[in-house]
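Take the sequence shown: its position 504, counting from 1, is numbered 504 in the working numbering, and each next residue is one higher. Idealized CB from N, CA, C, for every residue including glycine. Below is one structure, written out as structure tokens; comments come after it.
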Amino acid sequence: MKICFNLLTINLMCQFLPAQKPADTLLAPVVITSTRFENAAADAPFSVSVLNSERLQRGTQQLNLTESLAAVPGVFAQNPDNFAQDLRISIRGFGARSAFGIRGIRILVDGLPESTPDGQADVDNLDLSTLQNLEILRGAASGLYGNAAGGVLSFRTEEPTASPEARPSFGFQTTFGSFGFQKYSAKTGFSIGKMGAFLSATHNRTDGFRQQSRMNQTILNGKFRFQISPSAKISLLINVGNSPVAEDAGGLTAVQISENRRQARPQNIQFDAGESVNQQKFGTVFEKKWSENSRLTVRGFAAFRQFESRLAFQSGGFVEFDRQFRGAGATYFFTKKKWRTQIGLETDAQIDNRRRFDNLDGKRGNATLEQTESFRSLGAFWLGEFQIFEKLKLTFGGRADQIWLAAADHFLTDGDQSGSRKINRANPSVGLTFKMTPKIAVFSNFNSSFETPTLNELSANPTGAGGFNPNLNPQSAQSFEIGTKTWLPKNLNFECTFFKIWLRDEFVPFQLAAQPGRTFYQNAGKSERNGVEISLDGRLAAGLRFLTNYTFSDFRYTDFESNGKRLDGNRQPGVPRHFAFAEVRWQHQNGFFAVGQTQFSGAFFADDGNLVSESGRWLVNFRAGFSKKIRGLNFEPFFGANNLTSTVYNGNILINAAGGRYFEPSAGVYFFGGVKLNF
């Protein structure tokens, strides 16, 4: 906190320096929408970062988001190599406890939820070669989005061709890399009359760094936009993903790693641990502009997911479920002089038909569980924004959510464990932005969030019975932050934020020796998180730009007893106390480009008792390429190397793992290269 306010003092002094004419290379203001109001990033009373298509696509491997997310303070990503468990992303600690996928963070793609109503999300259906931008809202946001919104990732994919007069566009990319990585993608955009369309197809595959870590995946996307009238349009969104193979190498002990980093846990090979997923999603968004001051947005979607998972133990280790996930919502916006407001209503439903069987060395055995789990939610929100004075703006609002959970037990040989729950939550939100000068803004906000257990977490009952775990309760959090956003002389952009979060009933993962690889959950009494996020970016010279950030995270339990031991004062596992990133990006006018990155992660604990830790590490990445346009064809070969110094580290830590199997090793130096064609 002292660092943050000292830097804020420096910023305040800058307003008295001689005025300088902004350079032509200064970046244009970024407009954000993840806060539900369209705002310049500098005007929002929240910590919001934006990654554009250049950072997401230019010369990148496009295998997972770890290539890009290190550029955002407060965000820590793990598990880039285990595609059966998917990428784990945490924002200010929310999501760090996830056993698989993304938890506690709201994911949106083109305005539609990718997160299920119960708060679980996966990005394995996201085609990274089509991303146009990514907004990261770093803070509690249940007042905006309801359940499991400790932060927000809002993705926007490429748009259809805008005008019928414009010729169709085509793009092709092929990439190869270490450990059998292959990527093939194609995309096109065109317009016919009042309809614009964008289509894409991508296939990824890899043999993986370790044994039992293959992945094979195909993704198809379609976006169709119809201009019904000058004031109304409707969009149709289609996403289909199929991943028939995603193997799980499992966690290792420190002794096993010292023997062979590339080995899989023997039981994971024996039981053929891994998963297969098939998902289809269809959505539509209708937008009507009634006048210059008002508009209506209505959305609806439906998703279907077929999932099979094989865990590395016999009893109940073969899991299947069929998921239906659907929702609808409407939002009305109104603007008048000094104030803006919006009201909205959203309803979502999730139904999982879950089945467990014995895992007989990778084959399905006798049934051990069959139940239908449902999660239904209804949320209403009202948000307002008022310009109190010329330099002072107030943002306020709130959201009320009602949630119904139910489990219908169909496996009755051990009794009927059917049950239901009802949860009501109200979350306020208030923020202030003070524009001291056109280039110096100070902001502050108070927000709250809540998380219900996911259906998977509830069905993971340590007693072995069906139904839901009766001892697992929702988590709640209150968050306060204050910071500054400043545009310094010499084209420098600076941001510094201090945050404090108070949590009750935080979810804590643990494993049982009899069921290794399966994660259960309990509630901690109280926790507290304090942190500072600092970022600085700018242009050093024509075509030469830099970015650096630093995050300090002090996350501790303040009231927690587990297995008869008091853990008050212990640090929360899964998030390093210090995290830093630096990048230099060069673009020459003749088409050559190069990017050098280094990131530092401090040591962090793997268990609640703070007895096992993952060491700190430095990683260095580099990529370069050349872009040349020849008679309408843009030709872009590129190559890169991740972990250029071949640092030995573990890319994923399994929190509170049984038997000391905390560690999932990552590769040393990793090379890739490819070519893009656009015309």
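- In this structure residue 275 is buried. Its beta-carbon is surrounded by 16 or more other beta-carbon atoms within 10 angstroms.
- The segment 67-82 makes contact with the segment 641-657: 3 or more CB pairs, one atom from each, lie closer than 8 Å.
- Inter-segment contact for the segment 423-431 and the segment 139-150 is present: three or more beta-carbon pairs are separated by less than 8 Å.
- Under the DSSP assignment, residue 132 falls in the beta strand (DSSP E) whose first and last residues are 131-137.
- Of the candidates 161, 640, 644 and 660, the residue whose Cα lies closest to the Cα of residue 673 is 640.
- In this structure, the alpha-carbon of residue 434 lies about 7 Å from that of residue 393.
- Residue state for residue 58 is assigned as coil, using DSSP reduced to three classes.
- Bounds of the alpha helix (DSSP H) holding residue 457 are 455-459.
- Annotated three-state conformation of residue 512 is coil, per DSSP.
- Just so you know, the alpha carbons of residue 479 and residue 137 end up roughly 13 Å apart.
- Minimum Cα-Cα distance from residue 248 among the listed residues 311, 186 and 192 corresponds to 311.
- Per DSSP, residue 349 is one residue of the beta strand (DSSP E) stretching across 339-360.
- Take residue 585, set aside five residues on each side of it, and the residues of its chain with a beta-carbon closer than 7 Å to its own are 545 and 595, in chain order.
- Distance from residue 68 to residue 51 at the Cβ level is roughly 5 Å; contact confirmed, criterion being Cβ atoms closer than 8 Å.
- Nearest Cα to residue 497 within the set 242, 125, 441 and 534: 534.
- Under the DSSP assignment, residue 428 falls in the beta strand (DSSP E) whose first and last residues are 419-437.
- Contact check for residue 398 and residue 381: beta-carbon distance about 7 Å, within the 8 Å limit, so the pair qualifies.
- One thing to note: residue 235 has its Cβ no nearer than 7 Å to the Cβ of residue 127.
- Close CB contacts of residue 678 within its chain, under the 6 Å cut and outside five residues either way in sequence, are with 171 and 634 (chain order).
- Taking residue 303 as the centre and dropping the five residues before and after it, the same chain places the C-beta of 281 and 325 closer than 6 Å to its C-beta, in chain order.
- Spanning the alpha carbons of residue 223 and residue 169 requires a straight line of approximately 14 Å.
- Counting the other Cβ atoms within 10 Å of the Cβ of residue 167 gives fewer than 16, which makes it exposed.
- Going by C-alpha positions, residue 157 is about 43 Å away from residue 611.
- 7 Å or more divides the Cβ of residue 185 from the Cβ of residue 206.
- Taking C-beta atoms as the reference points, residue 194 and residue 227 count as a pair closer than 7 Å.
- With contact defined as three or more Cβ pairs closer than 8 Å, the segment 486-497 and the segment 459-472 are not in contact.
- The way I'd put it, the segment 556-567 does touch the segment 520-540; three or more beta-carbon pairs between them come closer than 8 Å.
- Residue 502 is bridged by DSSP to 478 and 528.
- By the criterion of at least three beta-carbon pairs nearer than 8 Å, the segment 53-72 is in contact with the segment 611-628.
- Setting aside the 5 residues that flank it on each side, residue 576 is surrounded in the same chain by 601, 602 and 604, each with a C-beta closer than 6 Å to its C-beta; the list follows chain order.
- DSSP lists 170 and 199 as the bridge partner or partners of residue 188.
- Shown here for residue 204: same chain residues with a beta carbon closer than 6 Å to its own, the five before and five after excluded, namely 183 and 217 in chain order.
- Judged by DSSP secondary structure, residue 523 falls outside any alpha helix (DSSP H) and instead within the beta strand (DSSP E) spanning 519-523.
- Residue burial annotation: residue 83 is buried, with at least 16 other C-beta atoms found within 10 angstroms of its C-beta.
- Rounded to the nearest whole angstrom, the C-alpha separation of residue 163 and residue 229 is 15 Å.
- Contact between the segment 566-576 and the segment 535-542 is absent: fewer than 3 CB-CB pairs across the two stretches fall below 8 Å.
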